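Undergrad:
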Amino acid sequence: MRRDRSTGLIVVSRISSFLTSKGGNFRIQFRLLCIASNSLTTTHTFSPLLKQCIDEKSLPGIKTIQAQMIKSGFPIQLSGSKLVDASLKCGEIGYARKVFDEMPERHIVTWNSLISWFIKCRRSKEAVEMYRLMIMNSVLPDEYTLSSVFKAFSDLREAQRSHGVAVVLGLEVGNVFVGSALVDMYVKFGKTREAKLVLDRVEEKDVVLITALIVGYSQKGEDVEAVKAFKSMLVEGVQPNEYTYASVLISCGNLKDVSNGKLIHGLMIKSGFDSALGSQTSLLTMYLRCSLVDDSLWIFKCIEYPNQVTWTSLVSGLVLNGREEMALIEFRNMMRDSVKPNSFTLSGALRGCSNLAMFEEGRQVHGIVLKYGLDRDKYSGSGLIDLYGKCGCSDMARLVFDTLNEVDVISLNTMMYSYAQNGLGREALELFERMVNLGLQANDVTVLSVLLACNNSGLVDEGCEFFDSFRKNKVVLTNDHYACMVDMLGRAGRLEEAELLINEVVNPDLVLWRTLLSGCKLHRNVEMAERLKRKILEIAPGDEGTLILMSNLYASTGRWKRVIEMKSDMRGMKLKKSPAMSWVEVDRERYTFMAGDLFSHPNSDQIFETLEELMKKAKDLGYVEDKSCVFQDMEESAKERSLHQHSEKLAIAFAVWRNVGGSIRILKNLRVCVDCHSWIKIVSRVIKREIICRDSKRFHHFRDGSCSCRDYW
DNA sequence: TCGGGCAAGT
């Protein structure tokens with residue numbers, strides 16, 4: 001085929017301008033010039049040119065070559081496949097589809113390319129559409145089609161029909177690529193049993209096939225099976241690779257199986273996969289889930305370039321181990337290293353803030369959430385709801401909740417739990433109704449939130465009704481649910497009913513009995529308490545919580561002799577009451593206060609002065625010390641001094657002295673005592689500021705002389 | 001023209 005020189009030059013100049021605008025490469029232009037001038041062209045002539053276009057990611061280049069092909073009189077069947085391939089590799093899937101649609105006949109390779117690219121671009125719907133179209137065009141899928149298309153199905157039945165096709169074609173057992181894709185497909189649908197059945201039928205098993213099953217077990221929480229599959233893989237002589245290690249280690253972490261975890265760590269080093277980032281990340285996660293923080297920090301140190309996933313694992317793992325402050329430092333280090341956080345990272349960081357009730361720090365993270373446009377995402381969104389809930393800001397939590405892209409069980413539970421903790425029981429129950437109306441399946445946290453909502457709002461009758469209806473509807477009730485009911489009934493003084501409820505539980509645990517015991521303490525029922533004490537100490541001899549509760553009960557009923565006996569018992573057992581502590585955040589710093597410890601703080605003078613001033617003003621407004629809160633037999637004036645130095649009072653005085661703007665937020669490790677509760681109520685009036693106190697069980701919002709718990713806690 | 005992995009919330 002001959003072309004004259006002038007046509008060639010026009011083509012070259014057109015390509016040249018296209019390529020120059022795209023930053024094109026001189027070599028492409030030069031070669032096209034050669035083609036145009038020599039004018040002898042075959043499909044092979046164009047191949048290196050298309051390759052150049054792919055390297056340059058130049059769609060204009062492809063289009064020009066296509067035009068030249070047409071001019072050379074090439075039939076589209078011949079050139080189409082190459083053009084589709086080149087367009088796909090340039091990321092121009094739309095153009096590839098256009099060329100494809102114009103082809104009168106398509107080779108199966110072209111069908112397969114398009115299907116697999118749609119999947120790569122996460123356009124599964126279009127991939128399935130192509131697959132259906134292919135069948136309608138009487139093109140039989142081959143091993144390539146079937147090894148990619150299973151990823152795309154969102155409907156199990158359609159996927160199973162294609163599984164049938166694979167069986168008929170003999171590709172299910174005969175081709176390990178198809179087998180792996182099938183295992184992966186069943187795993188993604190949560191059908192590990194079916195995945196295992198497919199695996200067993202595949203004739204020649206390889207590492208990918210078995211890894212796909214291990215991943216399935218691991219992701220479904222069938223961790224024992226995952227470790228088992230890993231071991232049998234070794235027995236069969238199939239060598240694991242970095243992906244295998246990465247997934248089996250997660251299962252070891254879930255099982256807190258340090259010994260297998262360490263063994264696998266050893267294997268990893270031996271086979272040289274200990275430098276792959278994926279396996280390293282899983283190793284980090286494994287050690288964190290096994291609470292071996294130091295080992296995990298060592299692993300992290302050895303990772304040269306931690307990515308988003310590695311950092312996320314570190315941040316959320318540290319939070320999991322109660323090392324929130326370190327987690328937040330690492331989160332900041334990650335940002336400093338310019339590694340972008342995602343919704344997983346942010347929800348980890350937010351959990352760190354919410355565990356510590358660090359409102360200001362949390363708001364900074366909220367800023368980052370907004371910066372990355374993840375405030376409507378359900379994961380980071382739930383993190384924000386939890387944060388604001390745990391900082392006592394249900395209104396802010398609700399604002400986040402109302403803007404979420406998608407309302408699911410978790411986000412609803414988080415919001416309900418926030419309301420429940422803050423004593424907004426009615427609001428929580430309204431959301432429960434919404435959940436039922438939406439047809440969402442409640443889970444154990446939902447049930448707990450409903451019961452807690454009733455408990456913290458004094459809705460005892462409603463709580464009992466809900467509990468009965470859960471029981472009638474065969475909802476699986478855990479010890480936590482029972483403990484919540486026992487607390488509710490106990491606090492309402494319905495101690496016998498609470499005991500009957502515990503007797504219903506098959507294996508009542510320590511917490512249940514202790515919860516009932518605290519009900520006895522509240523209602524000063526010494527007789528029942530002593531009976532329970534004997535029972536508890538049989539199950540758990542020397543249980544610290546029980547002895548403290550008993551000692552406090554004896555103190556509050558004036559049985560000082562018994563108090564002394566209890567204390568000496570506890571000393572004999574080397575038990576020491578954990579100290580009451582409070583925390584307050586000022587200018588994003590967290591300050592700790594311990595009861596009775598006024599002098600270790602560098603600003604103790606100022607705190608003491610402020611405290612005295614607040615005390616005087618509170619007394620002017622009618623505050624009187626409630627000495628029944630002192631569980632030690634001492635002089636009246638000493639009792640007063642002891643009360644004045646409760647940790648929450650110190651923390652509030654510090655916050656007032658530092659002139660904290662807005663609400664004062666206190667976090668406490670134990671429950672607020674009656675004396676502090678009435679003092680804080682009055683102080684909120686004195687300083688005309690809201691004081692929010694999160695104790696070990698719930699929130700108290702002190703505003704203008706009253707508390708949101710309506711004195712029921 | 002094809003297949004597998006690591007991180008998350010109540």
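Here the UniProt record's numbering is used: the first residue of the first sequence is 1, the next is one more, and so on. Each residue gets a CB set at the ideal place from its N, CA and C atoms; glycine is no exception. Owing to the predicted nature of the structure, the values given are computational and were not obtained by experimental measurement.
1) Are E690 and S663 closer than 8 angstroms when you measure CB to CB?
2) Helix, strand or coil for V674, going by three-state DSSP, please let me know.
3) Since S343 sits in a beta bridge, which residues does DSSP pair it with?
4) Provide the residue(s) that pair with K668 in DSSP beta bridges, ordered along the chain.
5) Pull the bridge partners of M594 from the DSSP assignment, please.
6) I think L374 touches A349, with their Cβ atoms under 8 angstroms apart; what is that distance to the nearest whole Å?
7) Going by CA-CA distance only, name the one from D509, A540, E504, S551 that's closest to R524.
8) Using 8 angstroms as the threshold, is the C-beta distance between G381 and Q421 below it?
9) Which of the three DSSP states, helix, strand or coil, is assigned to H646?
10) Go ahead and label F30 buried or exposed: buried means 16 or more other beta carbons lie within 10 angstroms of its beta carbon, across all protein chains shown.
11) Can you tell me where the beta strand (DSSP E) with R694 in it begins and where it stops?
12) Do K378 and L412 have their C-beta atoms closer together than 8 angstroms?
13) Could you tell me the distance, in whole angstroms, from the CA atom of D569 to the CA atom of F608?
14) Tell me, please, which residues DSSP counts as bridged to E589.
15) S600 by DSSP, collapsed to three states: which one?
16) Using the Cβ count rule (16 or more neighbours within 10 Å means buried), how would you classify G23?
17) Within this structure, are the beta carbons of I65 and L88 separated by less than 8 angstroms?
18) Is it buried or exposed, S47, if we count other Cβ atoms within 10 angstroms and call 16 or more buried?
19) Which residue from V202, R289, G352, I269 puts its Cα closest to that of A166?
20) Are the CB atoms of V149 and S162 within a distance shorter than 8 angstroms?
21) The beta strand (DSSP E) that contains F699, what's its start and end?
22) Put S148 into one of helix, strand or coil per three-state DSSP.
23) Using the beta-carbon count (16 or more within 10 Å), is A67 buried or exposed?
24) Is L40 buried or exposed, if buried means 16 or more other CB atoms sit within 10 Å of its CB?
25) Once you ignore the five residues that flank L209 on each side, which residues in its own chain have a CB closer than 8 angstroms to its CB?
26) Around the Cβ of A655, are there at least 16 other Cβ atoms within 10 angstroms (buried) or fewer (exposed)?
27) Rounded to whole angstroms, what's the CA-CA distance from C707 to I652? Just pull it up for me.
28) Please report the Cβ distance between I119 and D142, rounded to the nearest whole angstrom; I am assuming they are in contact, meaning their Cβ atoms lie under 8 angstroms.
29) Which of helix, strand or coil does DSSP assign to C252?
30) Using the three-state DSSP reduction, which class does S279 fall into: helix, strand or coil?
31) Less than 8 angstroms between the C-beta atoms of V672 and V586, yes or no?
32) For V12 and K63, what's the separation of their Cα atoms in angstroms?
33) Should F599 go down as buried or exposed, given a rule of 16 or more other Cβ atoms within 10 Å for buried?
34) Of the residues A357, K371, F100, which one's Cα is nearest the Cα of C393?
35) In chain order, what residues of the same chain have a beta carbon less than 6 angstroms from the beta carbon of M334, not counting five sequence neighbours either side?
36) Which term fits Q632, buried or exposed, when burial requires 16 or more other beta carbons within 10 angstroms of its beta carbon?
TA: On the basis of the data shown:
1) Yes, these two residues count as a Cβ contact at 8 angstroms.
2) Reduced to three states, the DSSP call for V674 is helix.
3) None, per the DSSP bridge assignment.
4) In the DSSP output, where bridge partners are listed per residue, K668 has S582.
5) M581, per the DSSP bridge assignment.
6) Between A349 and L374 the Cβ distance is about 12 angstroms, and since that is not below 8 angstroms, they are no contact.
7) Proximity to R524 across D509, A540, E504, S551 peaks at S551, based on C-alpha coordinates.
8) In this structure, G381 keeps its C-beta atom at 8 angstroms or more from the C-beta atom of Q421.
9) H646: coil per DSSP, three-state reduction.
10) A caution first: F30 carries a pLDDT of 47, below 50, which makes its placement in the model too unreliable to give a value.
11) It spans 691 to 694 - the beta strand (DSSP E) in which R694 sits, taken as one unbroken run.
12) No.
13) Using only the alpha carbons, I get a separation of about 35 angstroms.
14) According to DSSP, residue pairing for E589 in a beta bridge involves V586.
15) Residue state for S600 is assigned as coil, using DSSP reduced to three classes.
16) With a pLDDT of 48 at G23, under the threshold of 50, the modelled position of that residue is not reliable, and the figure given next carries that caveat. Counting Cβ neighbours within 10 Å, G23 comes out exposed, since fewer than 16 surround it.
17) No Cβ-Cβ contact shorter than 8 angstroms links I65 with L88.
18) With fewer than 16 other Cβ atoms within 10 Å, it is exposed.
19) Each of V202, R289, G352, I269 was checked against the Cα of A166, and the nearest Cα belongs to V202.
20) The answer is yes: Cβ separation under 8 angstroms.
21) 699 to 703 is the extent of the beta strand (DSSP E) around F699.
22) If DSSP states are grouped into helix, strand and coil, S148 belongs with the helices.
23) Classification of A67: exposed, given that the 10 Å Cβ count is below 16.
24) For L40, the pLDDT reaches just 49, beneath the cut-off of 50, and the residue's location in the model is therefore unreliable, although a value from the coordinates is still provided. L40 should be labelled exposed.
25) Cβ-Cβ distances below 8 angstroms link L209 to V176, G179, S180, V183, L199, V202 in the same chain, with the five nearest sequence neighbours on each side left out; the list follows chain order.
26) The Cβ neighbour count for A655, taken over all protein chains shown within 10 Å, is at least 16; the residue is labelled buried.
27) Our two residues, C707 and I652, have alpha carbons roughly 16 angstroms apart in a direct line.
28) Not a contact, Cβ separation roughly 16 angstroms.
29) It is helical.
30) Residue state, collapsed to three classes: helix.
31) Contact: no.
32) Caution applies to V12, whose pLDDT of 47 falls short of 50 and renders its modelled position unreliable; the value that the coordinates give is listed next. Roughly 13 angstroms between the two C-alpha positions.
33) Exposed, since its Cβ has fewer than 16 Cβ neighbours within 10 Å.
34) Considering only alpha carbons, the answer is A357.
35) Sequence-distant partners of M334 (beyond 5 residues in either direction) whose C-beta falls short of 6 angstroms from its own C-beta, in its chain, are W311.
36) Counting the other Cβ atoms within 10 Å of the Cβ of Q632 gives fewer than 16, which makes it exposed.
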